[in-house]
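*Asks:* Here it is, the structure, as structure tokens.
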Amino acid sequence: MAREIYAYECRNCGQAHYPFRMRCKNCGQNGFFEFDAVPLPRNGRLLTFTKVHNLAGDFDVATLTLGIVELENGLRCTGQLQMDQPHIGMSVVGSVEIVRRSTYDEFYGMVFRAA
3 MAREIYAYEC RNCGQAHYPF RMRCKNCGQN GFFEFDAVPL PRNGRLLTFT KVHNLAGDFD
63 VATLTLGIVE LENGLRCTGQ LQMDQPHIGM SVVGSVEIVR RSTYDEFYGM VFRAA
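Sequential numbering of the sequence shown, starting at 3, is according to this note's numbering.
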């Protein structure tokens, strides 16, 4: 079963929001039931990235590369980068995967790889 991360589209004007917000930034529509959940696109372009070296103890890796990606629909998403040499402007493809495990829980997030 494929997992998804959802954006929220205003029923009034069609503006997509990620993460969820109670008020549409385009038309001002207000309310939880005024938005439809739509899956985020998987393809995008890397805007910026950083490496984190001082991680919490429940991470299985010594360093973690995080990036901000502009998706096909113009929304921006933060996710882990699984590539050796990321560079700004490169095309990436995302998937929803386990990004961290604790004793009893698994946490999912977006993981991007070079396209």
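For glycine and all other residues, C-beta sits at the position ideal for the given N, C-alpha and C.
Compute the Euclidean distance between the alpha carbons of residue 87 and residue 32, then round it to the nearest angstrom.
*Replies:* The straight-line gap from Cα to Cα measures roughly 43 angstroms.
*Asks:* Residue 48: buried (16+ other C-beta within 10 angstroms of its C-beta) or exposed?
*Replies:* With 16 or more other Cβ atoms within 10 Å, it is buried.
*Asks:* For the beta strand (DSSP E) containing residue 45, list its first residue and its last residue.
*Replies:* Residue 45 -> beta strand (DSSP E) spans 45-54.
*Asks:* Express the C-alpha separation of residue 34 and residue 61 in angstroms, rounding to a whole number.
*Replies:* Each residue's alpha carbon lies about 34 angstroms from the other.
*Asks:* For residue 79, I'd like the list of residues in its chain whose CB is within less than 7 angstroms of its CB, leaving aside the five on either flank, ordered along the chain.
*Replies:* Closer than 7 angstroms at the Cβ level, and outside the excluded window around residue 79, lie 20, 42, 71, 73 and 112.
*Asks:* In whole angstroms, what is the alpha-carbon distance linking residue 96 and residue 15?
*Replies:* Distance between the alpha carbons of residue 96 and residue 15: 27 angstroms.
*Asks:* How would you call residue 83, buried or exposed, if buried means at least 16 neighbouring beta carbons within 10 angstroms?
*Replies:* Looking at its Cβ environment, which holds 16 or more other Cβ atoms inside 10 Å, residue 83 is buried.
*Asks:* Is the beta carbon of residue 51 less than 9 angstroms from the beta carbon of residue 67?
*Replies:* Going by C-beta atoms, residue 51 is nearer than 9 angstroms to residue 67.
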